[in-house]
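Undergrad: Quick one: this structure, given as structure tokens, is what I'll be asking you about.
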Amino acid sequence: MNTILVITRLTFREAVRRKIALAALLLGIAFLVIYSLGFHFINDEISADAGRMGSRIEQMRREVYNFLVLAGMYVVNFLGVASAALITADSLAGEIQSGTIQAIVTKPILRSQVVVGKWLGYAILLMGYLLLMGGGVIVSVWLLARYSPPNGLAGLSMIYFNSLVIMTLTLAFSSRFSTLATGGAVFGAYGVAFIGGWVERIGTALNNETAVNLGIFSSLLLPSEALWNKAAFLMASPLAGRIDANPFTTASQPSNVMMGYAVLYLIIFLGIALRQFQQRDL
Amino acid sequence: MDNDLAIETQSLRKEYGGFAAVRGLTLQVKRGEVFGFLGPNGAGKTTSIKMLLGLVAPTSGSARLLGKPLTDRSARAQIGFLPEHFRFHDWLTAAEFLRLHGQLYRMDPARLEKRITELLELVALTPFRNQQLRTFSKGMLQRIGLAQALLNDPALVFLDEPTSGLDPVGRRLVRDVIRQLRAQGTTVFLNSHLLSEVEITCDRVAFIKHGEVVRTSSIQALVDGETTVTIRARGFTPQVLSDLSQWGREVRVEGENIILAVSSEEVLPAINQCLVTNGVSVYAILPQRLSLEDLFIQVVGTDGGL
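From first to last, the protein sequence lines are chains A and B.
Per our numbering, residue 420 is the first one in the first sequence, and the count goes up by one each step.
Per our numbering, residue 156 is the first one in the second sequence, and the count goes up by one each step.
Quick look at the structure:
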């Protein structure tokens with residue numbers, strides 16, 4: 420069997436055996452149950468009002484659904500980011516620390532095959548997780564209200580891409596630093612990007628250029644907020660997208676340059692992970 | 156280049172910051188040899204092994220394994236390694252663990268399955284085949300680690316402290332495995348603290364101190380060559396003592412005892428004759444062979460090599 424796939428399978432098996440996959444699955448189901456119940460009750464409320472207010476409410480109703488889908492996706496995005504950082508932080512750092520890596524890399528394989536194999540394993544795990552969570556949100560809203568947001572799949576893909584960026588960044592840190600330092604650094608960077616995203620949003624509303632630039636700078640440090648904004652922009656209803664009506668959407672979508680930067684960012688950090696793991700003493 | 160050598164290193168050096176963990180390792184291990192690598196803690200033994208296995212990049216120097224430079228990965232297909240702290244993915248079962256490592260060796264699946272069965276039998280873990288490693292005792296983990304190092308029928312095996320943590324039965328098992336490997340012509344590079352083990356299993360040993368080989372010798376020559384003689388006698392003069400130094404080194408006196416190191420027991424009759432001729436009353440001549448442990452302390456000193 421191909422060496423990369425051997426490592427990918429090992430990564431996969433580890434998530435299952437160490438009950439990481441099970442924990443994620445159970446919590447994911449809990450999230451979806453609560454989300455669906457909440458949606459169901461709010462929907463009941465709106466439907467009761469709708470009878471009294473006639474047909475004009477239909478447009479209003481779709482706006483509320485869209486808001487609720489984005490709220491759900493906002494949580495899914497955050498969980499995707501957090502899971503990506505949590506499952507990856509220990510990957511290389513933990514194996515180096517415990518010494519399990521020694522019997523692996525002394526085999527006739529390339530160290531880069533270990534890194535790529537792990538990356539692929541986490542990428543598949545995250546895809547499964549986000550399909551369950553994000554797909555669950557979209558499907559449950561469809562089942563309960565026959566509503567689906569625009570560009571659902573594209574938006575979910577963007578959320579997935581966001582988790583891949585975080586996962587790759589974490590892997591790069593993990594190839595060099597301890598598990599704890601890796602976790603601290605990645606969440607720190609995420610915090611900066613998160614706050615930066617809000618500074619940019621408020622700056623845009625107030626026409627404050629310095630605030631906007633600060634936001635852009637933080638997106639360069641870690642483009643995770645920009646990617647969420649892109650996902651939200653894609654899935655927002657035309658109205659919500661125009662008026663910046665809620666905290667989950669944004670009136671201006673991130674530029675294509677920023678999207679290109681995010682792709683480059685991922686490639687660069689994968690390169691850093693490969694290079695550092697290649698060169699370090701184990 | 157000598158093709159009879161399994162390991163050949165030339166001034167292999169590793170520095171961390173400004174500190175030299177291994178100053179300059181130069182040694183040669185012949186194919187088919189069981190080679191003991193001895194030295195106090197901190198002498199650079201594990202770092203040396205790690206350099207040979209490509210885990211740690213040497214600062215300078217060069218080395219060849221099975222005739223190939225360290226950077227050549229293909230040699231590793233013929234190498235087995237049991238790391239010092241044998242930590243493995245403990246959520247795998249014994250069979251899964253061996254299968255994983257066999258796949259990393261890119262072994263043919265049918266051959267691998269056959270090998271897994273054989274090796275589990277060899278290390279007496281067949282009943283635990285489908286049990287997760289987390290349930291294993293320290294000794295069982297070490298044995299499964301040993302099986303892992305032998306999966307590919309290696310030409311060269313590195314065993315870093317293979318018997319630490321093993322009970323006497325486990326130690327015997329490891330010893331038997333090493334004997335079997337020698338019989339098959341496998342080269343074994345053994346890093347061990349248990350000198351009695353080394354004495355029984357190894358053909359040759361290298362003593363390493365401060366990351367340099369201070370002495371290399373066959374076990375036979377070491378054990379034969381170093382004998383300490385204690386002579387109980389009365390009436391000896393400084394002149395007699397200086398005469399004795401022609402047969403032995405480090406002549407010293409402790410009360411009625413003269414103690415000296417000789418290279419062979421063959422010189423004892425001559426010593427006796429010399430003493431008697433000079434009017435010394437001799438009560439006893441007691442030759443005492445040095446154990447490897449005595450030699451170890453003699454060679455690396457009691458400062459622990461630090």
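Just so it is clear, CB atoms sit at the ideal spot from N, CA and C, and this is done for glycine as well.
The structure displayed is predicted, hence computed values, not measured ones.
(1) When the cut-off is 8 Å and only beta carbons count, does residue 672 of chain A lie next to chain B?
(2) Give the list of continuous beta strand (DSSP E) stretches no shorter than 3 residues that lie fully inside the segment 257-343 of chain B.
(3) Leaving out five residues on either side along the sequence, give the residues of the same chain with a beta carbon under 7 Å from the beta carbon of residue 232 of chain B.
(4) Which residues in chain A sit within 8 Å of residue 211 of chain B, going by Cβ to Cβ distance?
(5) Rounding to the nearest angstrom, what Cα-Cα distance links residue 561 of chain A and residue 647 of chain A in this structure?
(6) Which residue comes first and which comes last in the beta strand (DSSP E) that contains residue 595 of chain A?
(7) Less than 8 Å separating the beta-carbons of residue 103 of chain B and residue 416 of chain B?
(8) Restricting to Cα atoms, I'd like to know which of A:448, A:689, A:638 and A:427 is closest to residue 539 of chain A.
(9) Give me, in chain order, the residues of the same chain whose beta-carbon lies closer than 7 Å to that of residue 485 of chain A; leave out the 5 immediate sequence neighbours on both sides.
(10) Using a Cβ-Cβ distance cut-off of 8 Å, determine whether residue 224 of chain B contacts chain A.
(11) Pick helix, strand or coil for residue 674 of chain A, following the three-state DSSP scheme.
(12) Could you give the first and the last residue of the continuous beta strand (DSSP E) run that contains residue 185 of chain B?
(13) For residue 507 of chain A, name the three-state secondary structure that DSSP assigns.
(14) In angstroms, rounded to a whole number, what distance separates the CA positions of residue 289 of chain B and residue 246 of chain B?
(15) Can you tell me whether residue 401 of chain B is helix, strand or coil according to DSSP?
(16) Distance check for residue 652 of chain A and residue 570 of chain A, CA to CA, integer angstroms please.
(17) Among B:365, B:447, B:253 and B:160, which residue has its Cα nearest to the Cα of residue 355 of chain B?
(18) Who are residue 408 of chain B's beta bridge partners in DSSP?
(19) Exposed or buried, which one is residue 213 of chain B when buried takes at least 16 other CB atoms within 10 Å?
(20) Hey, would you say residue 521 of chain A sits closer than 8 Å to residue 238 of chain B, going by beta carbons?
(21) Closer than 7 Å between beta carbons: that is the criterion. Which residues of the segment 241-259 of chain B meet it against chain A?
(22) Between the segment 518-537 of chain A and the segment 259-273 of chain B, do three or more beta carbon pairs fall short of 8 Å?
(23) If we count the other Cβ atoms within 10 Å of its Cβ and call it buried at 16 or more, is residue 461 of chain B buried or exposed?
(24) Does any C-beta atom of chain A lie closer than 8 Å to the C-beta of residue 319 of chain B?
(25) So, using beta-carbon positions, are residue 504 of chain A and residue 430 of chain A closer together than 8 Å?
(26) How far does the beta strand (DSSP E) with residue 169 of chain B in it reach, from first residue to last?
TA: Let's see:
(1) no
(2) 311-315
(3) 260 and 307
(4) Around residue 211 of chain B, the beta-carbon contacts reaching into chain A at under 8 Å are 700 and 701.
(5) 22 Å
(6) Here residue 595 of chain A belongs to no beta strand (DSSP E), and DSSP marks it neither H nor E.
(7) Past the boundaries of the shown model lies residue 103 of chain B; chain B is included only from 156 to 461, so the question cannot be answered.
(8) A:427
(9) 568, 655, 656 and 659
(10) no
(11) coil
(12) 174-185
(13) helix
(14) 6 Å
(15) coil
(16) 9 Å
(17) B:447
(18) B:413
(19) buried
(20) yes
(21) 242, 243, 244, 246, 255, 256, 258 and 259
(22) The segment 518-537 of chain A vs the segment 259-273 of chain B: in contact.
(23) Per-residue confidence for residue 461 of chain B stands at a pLDDT of 45, beneath the threshold of 50, marking its modelled position as unreliable; no derived number is given.
(24) no
(25) no
(26) 160-171
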